[in-house]
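Residue numbers (the working numbering): 1 to 329. Worksheet for the structure shown next.
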Amino acid sequence: MHVVITGGAGFLGQKLARKLLSGATIIGPAGKPAEVSRLTLFDVVAPAADIARDKRVRAVTGDIGDKATVDGLVAGEAASVFHLAAVVSAGAEADFDLGVRVNLDGTRHVLEACRRLPRPPRVVFTSSVAVYGGDMPKVIQDDTPMTPQTSYGAQKAMGEFMINDMSRKGFIDGRALRLPTIVVRPGKPNKAASTWASSIIREPLQGDAVECPVDPSTEMYVLSPRRMVESFLHAHDLPAERFGFSRALFLPGLTIPVTAMLDGLKKAGGQAAVDKVRFVPDANIRRIVAGWPMRFNPARAKSLGFKADDNFDQIVQGFVEDDLRRNVA
Ligand SMILES: NC(=O)c1ccc[n+]([C@@H]2O[C@H](COP(=O)([O-])OP(=O)(O)OC[C@H]3O[C@@H](n4cnc5c(N)ncnc54)[C@H](O)[C@@H]3O)[C@@H](O)[C@H]2O)c1
1 MHVVITGGAG FLGQKLARKL LSGATIIGPA GKPAEVSRLT LFDVVAPAAD
51 IARDKRVRAV TGDIGDKATV DGLVAGEAAS VFHLAAVVSA GAEADFDLGV
101 RVNLDGTRHV LEACRRLPRP PRVVFTSSVA VYGGDMPKVI QDDTPMTPQT
151 SYGAQKAMGE FMINDMSRKG FIDGRALRLP TIVVRPGKPN KAASTWASSI
201 IREPLQGDAV ECPVDPSTEM YVLSPRRMVE SFLHAHDLPA ERFGFSRALF
251 LPGLTIPVTA MLDGLKKAGG QAAVDKVRFV PDANIRRIVA GWPMRFNPAR
301 AKSLGFKADD NFDQIVQGFV EDDLRRNVA
């Protein structure tokens, strides 16, 4: 089957691509598990060489804000689409027009192209817990209204509405996942205001010093890349009727303070790794992070079979096995 991943050269796009190329099956057009025979990875940049080299991969570079490019991408026999391309939180906040072009117009282009396919494709959309904000309850429930307080959160919420309405019309078979902060992200820090949550684990384990811009008591709602990739496949395969009136849900995660993250770091890298973390408060990051919801009751997602990680140590271990060793090799 042919699968398209937008944002296919990004952090989660490449993780998902590797999983699909490793022989994982997802529900195909015939309604049965099928392997991916063709994988289109769309992004502004090229994916890693080992992925691009795979004969099943077609790497396409271009701008999702350009409608004609997207029309050409999702054409013919595309069976399923994972729509991950986005300008992330601080990037969309810093440049409103870019955020609208990529996160809103880009999503619309993808969904319109999907609509023209002969059969409504399954579309998995990456939303975010940034759809919540402002005056929130202590614990976010499934029926907590979306009240985004950033342009990024607003653009994700609008994407969810399009996914819901176009699914209701039968144009697509959409599923929208509100992601927690995914840690540990390999590579370099990005423009997300949460990027430090990965940096304080990644940098010390790579032998580098790192500054933590928030207090040790700051909590984050996190999920590992491994569980996230499992969640992508699970969301894709769930029968449409299981979603009821809403195609969107927030995923289970772990609510964990920085102190507990550093305990996990110590288990993996010893006290020497923890000593590489220096607390250097950044008022701007602290303000943004303080506005995020950190406690969730993901009853609906759990009832649909989505799972959080068991503990933070497991998350760090996954990073060591999947990313640190890969880089060393
Ligand atoms: N990683 C997280 O913690 C997290 C949390 C919540 C939501 N999300 C969402 O999940 C998705 C994937 O996140 P990620 O961490 O892999 O992000 P990422 O930044 O690594 O990947 C996004 C990709 O989109 C691409 N992109 C940006 N502008 C584009 C354009 N104009 N045209 C085509 N491609 C473009 C980027 O080049 C990048 O490779 C995003 O939609 C993000 O908003 C991620």
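Glycine included, C-beta positions come from ideal geometry on N, C-alpha and C. It should be emphasised that the depicted structure is a prediction, and the values quoted were computed from it without experimental measurement.
| Option nearest Arg242 by Cα separation, candidates Gly91, Ala86, Asp173 | Locating residue 242 in the sequence shown gives position 242, where the first residue counts as 1. Ranking the options by Cα distance to Arg242, first place goes to Asp173.
| task | Using beta-carbon positions only, say whether Ile360 and Phe125 come within less than 9 Å of one another. | result | Past the edges of the chain, shown from 1 to 329, lies residue 360, and the structure says nothing about it.
| From Pro252 to Arg116, what does the alpha carbon distance come to, in whole angstroms? | As a position in the sequence shown, residue 252 is number 252, starting the count at 1. As a position in the sequence shown, residue 116 is number 116, starting the count at 1. Answer to the nearest angstrom: the Cα atoms are 33 Å apart.
| Contact test: Leu249 Cβ vs ligand 1 heavy atom, cutoff 8 Å | What you label residue 249 is simply residue 249 of the sequence shown in a count that begins at 1. Not so, every heavy atom of ligand 1 lies at least 8 Å from the Cβ.
| request: For Ser167, count neighbouring C-beta atoms within 10 Å of its own C-beta (all shown protein chains included) and say buried if the count is 16 or more, exposed if not. | output: On the sequence shown, residue 167 is found 167 positions in, with the first residue counted as 1. That one is buried.
| Helix, strand or coil: which one does DSSP assign to Phe296? | Working through the sequence shown from its first residue, we reach residue 296 at position 296. It is a strand residue.
| message | Assuming Gly13 is part of the beta strand (DSSP E), what are its boundary residues? | response | Taking the sequence shown and counting its residues from 1, one reaches residue 13 at position 13. Gly13 -> not in any beta strand (DSSP E); alpha helix (DSSP H) instead, spanning 11-21.
| request: Would you mind listing the beta strand (DSSP E) stretches within the segment 36-112 that are 3+ residues and don't spill past its ends, in chain order? | output: 38-43, 57-61, 78-83
| message | Check whether the segment 147-165 and the segment 130-139 touch, using three or more Cβ-Cβ pairs below 8 Å as the test. | response | yes
| field | Same chain, Cβ closer than 6 Å to Arg202, neighbours up to 5 away in sequence not counted | value | As a first step, residue 202 must be located in the sequence shown, where it is residue number 202. Excluding sequence neighbours, Arg202 sits near Val184.
| said: At a cut-off of 8 Å, would you count Gly253 as near ligand 2, judging by its Cβ distance to the nearest heavy atom? | reply: In terms of ligand content, the structure shown lacks ligand 2 and carries ligand 1 instead.
| request: Could you check what DSSP says for Ala268 in three-state terms: helix, strand or coil? | output: To locate residue 268, count along the sequence shown from 1; it is residue 268. Correct three-state label for Ala268: helix.
| said: Once DSSP output is grouped into helix, strand and coil, what is the label at Arg168? | reply: In the sequence shown, counting from the first residue as 1, residue 168 sits at position 168. DSSP places Arg168 in helix when its eight states are reduced to three.
| query | Hey, how far is the Cα of Gly106 from the Cα of Asp95? | reply | As a working mapping, residue 106 is identified with position 106 in the sequence shown. As a working mapping, residue 95 is identified with position 95 in the sequence shown. Going by the C-alpha atoms only, they are around 15 Å apart.
| query | Counting Cβ pairs closer than 8 Å, one from the segment 69-76 and one from the segment 16-32, do we hit at least three? | reply | no
| query | What residue from Pro145, Gly65, Gly153, Ser89 has the CA that sits closest to Val110's CA? | reply | Here residue 110 is taken as the residue at index 110 of the sequence shown, counted from 1. Val110 has its Cα closest to that of Gly65, out of Pro145, Gly65, Gly153, Ser89.
| said: Please report the straight-line C-alpha distance between Ala299 and Met220, rounded to a whole angstrom. | reply: By one-based count along the sequence shown, residue 299 stands at place 299. By one-based count along the sequence shown, residue 220 stands at place 220. Going by the C-alpha atoms only, they are around 19 Å apart.
| query | Can we count Arg18 as close to ligand 1, meaning its CB is less than 8 Å from some heavy atom? | reply | For the purposes of this step, residue 18 is identified with residue 18 of the sequence shown, where counting begins at 1. Result no, Cβ not under 8 Å from ligand 1.
| Identity of the residue in Phe296, Ala240, Gly305 nearest Gln141 by Cα | Start at 1 with the first residue of the sequence shown, and residue 141 comes out as number 141. Minimum Cα distance to Gln141 is reached at Phe296.
| query | My guess is that Ala90 and Ser127 are in contact by the Cβ rule of under 8 Å, so how many angstroms apart are they, rounded? | reply | Your numbering for residue 90 matches position 90 in the sequence shown. Your numbering for residue 127 matches position 127 in the sequence shown. So it is not a contact: roughly 17 Å between Cβ atoms.
| request: Can you tell me the Cβ-Cβ gap for Leu12 and Met294, rounded? I've got them flagged as a contact below 8 Å. | output: For the purposes of this step, residue 12 is taken as residue 12 along the sequence shown, with counting starting at 1. For the purposes of this step, residue 294 is taken as residue 294 along the sequence shown, with counting starting at 1. The pair is not a contact, with the Cβ atoms about 21 Å apart (cut-off 8 Å).
| Can we count Asn190 as close to ligand 1, meaning its CB is less than 8 Å from some heavy atom? | To locate residue 190, count along the sequence shown from 1; it is residue 190. Correct: Asn190 has its Cβ closer than 8 Å to ligand 1.
| field | Entirely enclosed beta strand (DSSP E) segments - the segment 192-263, minimum 3 residues | value | 210-212, 219-223, 248-250, 254-257
| said: One question on the structure: do Ala9 and Val36 come within less than 9 Å of each other, judged by their Cβ atoms? | reply: As a working mapping, residue 9 is identified with position 9 in the sequence shown. As a working mapping, residue 36 is identified with position 36 in the sequence shown. Cβ atoms of Ala9 and Val36: not closer than 9 Å.
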